[in-house]
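Numbering (the numbering used here), first residue to last: 4 to 184. For each residue, glycine too, the CB sits at the ideal point set by N, CA and C. Note that the structure is predicted; figures quoted are calculated from it, not measured. One structure is given here, and the rest of the page talks about it.
So this is what it looks like as structure tokens:
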């Protein structure tokens, strides 16, 4: 009889060990993914309105992405909170803004920007045309009248781009992929 008592105890211990191993493995995987692939960021300010609102929580891909036109990116700033902007120009692009209409051109072609909020109101203080240097990105907020961006700072070093914001976690009524506008 004593061996029967030990048998269930050994099975319970093995089951508990298996369960704990699975749990620890899952936690390590989640920690790895969070530390090296994704981060959650919070929108601070109104510079990306209508696309993003102050307080929105976003998933940012920190690796395995390549910068492209229209990407919503998180840019680190020295001594300040990161900013969230949209990629308008890549290295070698010539960016200009029409002082009368606010139309943005890239390499002489007017950009269609359905995501911007209420356009831009003249007068503009952008001195262009501006050629985006190698290793840099020209980025602007969607709320052009209320955004401190490459028009003020010039192009941002690609080394300062922390990642691409790809998914909105909250508010829950806007849960999902970040869409234009």
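Buried or exposed (CB count within 10 angstroms, at least 16 for buried), residue i
i           : result
residue 25  : exposed
residue 167 : buried
residue 103 : exposed
Sequence-distant residues of the same chain with beta carbon closer than 8 Å to residue i, five excluded per side
i           : result
residue 170 : 61, 62, 179, 180, 181
residue 50  : 86, 87, 88, 144, 145, 146, 149, 150, 151, 152
residue 43  : 60, 61, 62, 63, 172
Residue j beta carbon less than 9 Å from that of residue i
i           : j           : result
residue 65  : residue 35  : no
residue 121 : residue 109 : no
residue 77  : residue 70  : no
residue 92  : residue 140 : yes
Own chain, CB closer than 7 Å to residue i, minus 5 neighbours either side, in chain order
i           : result
residue 184 : For residue 184, the predicted structure reports a pLDDT of 46, less than 50, and the residue's modelled location is therefore unreliable. A value from the coordinates is still provided. Excluding residues within five positions, the ones whose Cβ falls inside 7 Å are 53, 54, 117, 118.
residue 173 : 59, 60
residue 48  : 57
residue 142 : 76, 78, 88, 89, 90, 91, 152, 153, 159
residue 94  : 135, 136, 137, 138, 139
Cα-Cα separation, residue i to residue j
i           : j           : result
residue 20  : residue 27  : 10 Å
residue 155 : residue 79  : 16 Å
residue 112 : residue 30  : 49 Å
residue 138 : residue 115 : 25 Å
residue 158 : residue 176 : 34 Å
residue 160 : residue 18  : 52 Å
residue 165 : residue 23  : 34 Å
residue 134 : residue 90  : 14 Å
residue 162 : residue 15  : 52 Å
residue 72  : residue 84  : 23 Å
residue 98  : residue 32  : 42 Å
residue 12  : residue 74  : 56 Å
Contacts around residue i, its chain only, beta-carbon distance under 6 Å, and the 5 residues preceding and following it disregarded
i          : result
residue 68 : 167
(request) Run through the region 127–154 for me and flag every whole beta strand (DSSP E) of 3 or more residues, listed as ranges in chain order. (result) If we require 3 residues or more, the beta strand (DSSP E) runs fully inside the region 127–154 come out as 139–143.
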